[in-house]
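Residue numbers are given in the working numbering: position 185 of the sequence shown equals residue 251, and the series is strictly consecutive.
Where a beta carbon is used, it is the ideal one built from N, C-alpha and C, also for glycine.
Just so you know, these numbers come straight off a predicted model, no measurement behind them.
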Amino acid sequence: MGTETRVALVTGGTRGIGRAITDRLTRSGVTVAAAYAQDVAAAQAVRDDGARRGATVTLHQADVGQPASCQSLVGEVLEQHGRLDYLVNNAGMVNEQRLSEISHEDWHRQVAVNLSSAFFVSQAALAHMTQQRFGRVVNIGSVTALLGSPVQVAYGAAKGGIVGLTRSCARAVARKGITVNCVIPGSFDTDMSAQLLYTDRDAVTSMIPVGRWGRPEELAHAVVFLLDDLASYMTGAVLTVDGGMSMGG
Numbered sequence: 067m068g069t070e071t072r073v074a075l076v077t078g079g080t081r082g083i084g085r086a087i088t089d090r091l092t093r094s095g096v097t098v099a100a101a102y103a104q105d106v107a108a109a110q111a112v113r114d115d116g117a118r119r120g121a122t123v124t125l126h127q128a129d130v131g132q133p134a135s136c137q138s139l140v141g142e143v144l145e146q147h148g149r150l151d152y153l154v155n156n157a158g159m160v161n162e163q164r165l166s167e168i169s170h171e172d173w174h175r176q177v178a179v180n181l182s183s184a185f186f187v188s189q190a191a192l193a194h195m196t197q198q199r200f201g202r203v204v205n206i207g208s209v210t211a212l213l214g215s216p217v218q219v220a221y222g223a224a225k226g227g228i229v230g231l232t233r234s235c236a237r238a239v240a241r242k243g244i245t246v247n248c249v250i251p252g253s254f255d256t257d258m259s260a261q262l263l264y265t266d267r268d269a270v271t272s273m274i275p276v277g278r279w280g281r282p283e284e285l286a287h288a289v290v291f292l293l294d295d296l297a298s299y300m301t302g303a304v305l306t307v308d309g310g311m312s313m314g315g
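Encoded structure:
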C-alpha cells in the first residue's frame, strides 16, 4: 500500500462492509478516519479494536446526506491528519418500498445518502488529492443497479448513478495521479441486509451461482486491491463482487 503511513477516509466505516474495509486497511498499516451516522457504540468498538492492535482509527460523526456535512467531514479529516490519500465512499441506506409507496421525501433521502454523498465527499477530497498529485477513490455501488428490484427502486437508481459518477470523476482526474474506481457488491451478510423486509434469503441465494452470500471481508479485499499502488493503471473500472449474481440465468 506504500511505504509511508497513508490516511483513508471511509464513509459508513464502522458497520458491515465499511467496518470490514476499515479493519483491512488498518491491518495494512493505513490510518483510517471512519465516518458514521448515529451508532456511537459501534463506532467506538471499531476504534478500540484498532487500538488493541496498535492501529489508528479516528471517528467522525457526519450526516453525509447533507452537502455541508460532507465538506466539513473532509476538512475535519485533513485538519486532524494533515493528508488524505484514500477515499472509500461506502455510506448507504436501503429503505425497501414498493414503487407506489415511495414519497418525495423518501426518494430524495435515499438519493442523498446513496449517491449525492459520494459526489460531495469526492468533490472535497479530490481538491486536496489534486494538490498532492496522488489519490485513490473507491465508490461502493450495488448489484441492484444492474439487476433492478421492485422494492428497491430509489436505492437501485441511486446506486446506478454511482457508476456514472465513478467514470466521470475518473476522467476528470486521470492525469493528476488519481484513480477512481467502483466496486459492485452482491448480497452480503451484514446487519443492514438482515433488516430488509421483503428479501427472501433463500430466493436470493438461489440466484447466486456460487450458492452463498458474501462475507464483508471478501468485499474489503477487492477495495484494498483497488487502493494499492499496483492498481494505478486501473481507473474508471467497475468491479463486481457478487458470486456471479450479475451474470443472470
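Enclosing alpha helix (DSSP H) for residue i [first to last residue]
i       : result
Gln-197 : 183-198
Gln-110 : 106-118
Ala-269 : 267-272
Ile-87  : 82-93
Thr-210 : 210-213
Member of the options whose CA lies at the smallest distance from the CA of residue i
i       : options                               : result
Arg-72  : Gln-198, Asp-255 and His-170          : Gln-198
Thr-301 : Glu-283, Trp-279, Arg-241 and Met-273 : Arg-241
Gln-132 : Arg-175, Phe-254, Phe-200 and Val-229 : Arg-175
Asn-156 : Gly-201, Ser-208, Val-140 and Ala-107 : Ser-208
Arg-202 : Asn-247, Gly-314 and Glu-70           : Asn-247
Gly-148 : Glu-283, Arg-81, Val-76 and His-194   : His-194
Ala-223 : Thr-80, Val-160 and Cys-136           : Val-160
Thr-210 : Glu-162, Ala-236, Ser-298 and Phe-200 : Glu-162
Cys-136 : Ala-101, Arg-278 and Gly-227          : Ala-101
Ala-103 : Asp-89, Gln-110, Thr-88 and Ala-128   : Ala-128
Close-in-space but distant-in-sequence residues of the same chain around residue i (CB under 8 Å, 5 per side omitted)
i       : result
Leu-231 : Leu-181, Ala-184, Phe-185, Ser-188 and Asn-205
Arg-28  : One cannot answer for residue 28 here, as it falls past the ends of the chain, which runs 67 to 315.
Leu-292 : Arg-202, Val-204, Thr-245, Asn-247, Val-249, Met-300, Ala-303 and Leu-305
Gly-280 : Pro-251, Gly-252, Ser-253, Phe-254, Asp-255, Val-307, Asp-308 and Gly-309
Those residues which DSSP pairs with residue i across a bridge
i       : result
Tyr-152 : Ala-74 and Arg-202
Cys-319 : This structure cannot settle anything about residue 319, because the visible part of the chain is limited to 67 through 315.
Asn-247 : Val-204
Gln-218 : Gln-163
Phe-254 : Gly-280
Close-in-space but distant-in-sequence residues of the same chain around residue i (CB under 7 Å, 5 per side omitted)
i       : result
Val-276 : Gly-309 and Gly-310
Arg-164 : Pro-216 and Val-217
Glu-284 : Val-307
Residue interval of the beta strand (DSSP E) (run including residue i)
i       : result
Ala-101 : 97-102
Leu-305 : 304-307
Leu-125 : 123-127
Close-in-space but distant-in-sequence residues of the same chain around residue i (CB under 6 Å, 5 per side omitted)
i       : result
Ala-74  : Leu-91, Val-96, Val-98 and Tyr-152
Thr-306 : Ile-250 and Ser-312
Ile-274 : Gly-309 and Met-311
Arg-113 : Val-123 and Leu-125
Ala-236 : Val-246, Thr-301 and Gly-302
Residue i versus residue j: straight-line alpha-carbon distance, rounded
i       : j       : result
Val-290 : Gly-116 : 17 Å
Val-177 : Ala-220 : 7 Å
His-287 : Gly-84  : 12 Å
Thr-256 : Val-140 : 26 Å
Gly-252 : Asp-172 : 23 Å
Thr-69  : His-170 : Low per-residue confidence applies at Thr-69: pLDDT is 47, beneath 50, and the placement is therefore not dependable enough to give any value.
Thr-271 : Leu-212 : 17 Å
Gly-82  : Ala-297 : 25 Å
Ala-191 : Ala-108 : 25 Å
Gly-314 : Glu-145 : 46 Å
Thr-80  : Glu-167 : 30 Å
Val-229 : Val-76  : 18 Å
Glu-142 : Ala-134 : 12 Å
Ala-111 : Arg-267 : 28 Å
Ala-269 : Arg-278 : 11 Å
Gly-158 : Asp-105 : 14 Å
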